[in-house]
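One structure is given below, encoded as structure tokens.
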Amino acid sequence: MSTPLIHFVASQTDSAGDVSAMMQKRYGQCDVNDAEVIVALGGDGFMLRTLHRLINRNLPVFGMKIGNVGFLMNRFSEDELVERLANARSVSLNPLKMVVMTESGTETSALAINEISLLRQTNQAAHIRVTVNDSIKVEDLVCDGVLLATAAGSTAYNFSVRGPILPLGTDALALTPISPFRPRRWNGAILPNSAHVRFEVLDHYKRSVSATADAYEVRDVVRVDAYEDKDTEMKLLFDPAHSLEERILNEQFL
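Using the numbering used here, read the sequence shown as starting at 8 and increasing by one per residue.
Okay, structure coming up:
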């Protein structure tokens, strides 16, 4: 079995760096421009950063857990990497895109693999109008914030604020309030992945809000449009016995 052209990337920990050097010595290290597959060594945070850096290269990424959290990662082993890559199951993910308007009138955009979140910047609760497909669904959400998560990201921040876990392949997004005060009984919604969501910050000069796409933050936002970016696709590779679908299913029983 021939060895594919592999480019190794590692998080900035000593352990990940040592592992990367060992793996490069054993399997080789090609330039990222010539690579057929990326092997990422670290945790979930590093995997997200890697996917963002490679978002326009359309290269499959096989992660191996060296960090503390490894939901998106495979178990680490220095052996049989070529065989594991050959037998790996590919999962395609479409990120969310947010288009943000700030108080200064600046418009900016960013992609999110896990979630887009809006969070209050001060001690005062945020007031946010939520519109889905041009129809106002929540006139005034009084809260600490609100987020829109992908299926892959539904087990992360979304789950920690009591949002639903979404199985891959459901073509759905999770719309979840963060510490909602009013409406008192609104716990969020599951939306089709074709939905276009608009968040409008009410009284934004007094009750300022930030918007974040994964780790990219924009302060003092007035309006955020969020939707799935069908034109961008990322490929993650998983060992067949530990697929991402299985992990999402198991997460619901922990």
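Even glycine gets a Cβ: it sits at the ideal position worked out from N, Cα and C.
For Ile-114, collect the residues of the same chain with a Cβ closer than 8 Å to its Cβ; drop the 5 residues on either side in sequence, then sort them by chain order.
The sequence as given places Glu at residue 114; Ile does not occur at that position. The residues are Val-106, Val-107, Met-108.
Contact check, Tyr-164 vs Leu-175, beta carbons under 8 Å:
Not in contact: Tyr-164 and Leu-175 (Cβ atoms no closer than 8 Å).
Name the residue from Glu-85, Glu-258, Pro-199 whose alpha carbon lies nearest to the alpha carbon of Ser-27.
Taking Ser-27 as reference, the option from Glu-85, Glu-258, Pro-199 with the minimal CA-CA separation is Glu-85.
Could you pull the start and end residues of the beta strand (DSSP E) that Lys-144 belongs to?
It spans 142 to 150 - the beta strand (DSSP E) in which Lys-144 sits, taken as one unbroken run.
According to DSSP, is Phe-69 helix, strand or coil?
Looking at Phe-69 - three-state DSSP - the assignment turns out to be strand.
With burial defined as no fewer than 16 other Cβ atoms inside 10 Å of the residue's Cβ, what is the status of Glu-235: buried or exposed?
Its Cβ being crowded by 16 or more others within 10 Å, Glu-235 is buried.
So if DSSP puts Thr-115 in a beta bridge, which residue, or which two residues, is it bridged to?
Thr-115 is bridged to Val-107.
Neighbourhood of Thr-138 by C-beta distance below 6 Å, restricted to the same chain and skipping five residues each side:
Arg-205.
With a threshold of 6 Å on Cβ separation, who are the neighbours of Leu-243 within its own chain once the five nearest residues in sequence on each side are excluded?
Within the same chain, Leu-243 has close Cβ partners Val-68, Val-98.
Local Cβ density within 10 Å of Ile-143, reported as buried at 16 or more and exposed below that:
With fewer than 16 Cβ atoms within 10 Å of its Cβ, Ile-143 is classed as exposed.
Using CA atoms only, rank isn't needed, just tell me which of Val-208, Val-16, Thr-177 is closest to Lys-72.
Check the Cα spacing between Lys-72 and each of Val-208, Val-16, Thr-177: the tightest is with Val-16.
Give the straight-line distance between the Cα atoms of Pro-171 and Ser-9, rounded to the nearest whole angstrom.
One C-alpha to the other measures close to 42 Å.
Looking only at its own chain, which residues have a Cβ that is under 7 Å from the Cβ of Ser-250, when we skip the five neighbours before and after it?
These residues qualify, in order along the chain: Arg-96.
Since Met-241 sits in a beta bridge, which residues does DSSP pair it with?
DSSP, once it has assigned bridges, lists Leu-100 as partnering Met-241.
Indicate whether Met-80 and Gly-50 have their beta-carbon atoms separated by less than 8 Å.
It is a contact, given that the beta carbons lie within the stated cut-off.
Top-ranked residue by Cα proximity to Val-231, from Glu-240, Ala-220, Asp-238
Looking at the Cα atoms, Ala-220 is the closest of the given residues.
Taking one C-beta from the segment 208 to 227 and one from the segment 116 to 133 each time, how about it: are there three or more such pairs within less than 8 Å?
The segment 208 to 227 is in contact with the segment 116 to 133.
Assuming Val-26 is part of the alpha helix (DSSP H), what are its boundary residues?
Val-26: member of the alpha helix (DSSP H) spanning 21 to 34, first to last residue.
Note down, in chain order, each residue of its chain lying with its Cβ closer than 7 Å to the Cβ of Ala-119, except the 5 sequence neighbours on either side.
For Ala-119, where only same-chain residues beyond five positions count, the Cβ hits under 7 Å are Pro-102, Leu-103, Met-105, Ala-220, Asp-221.
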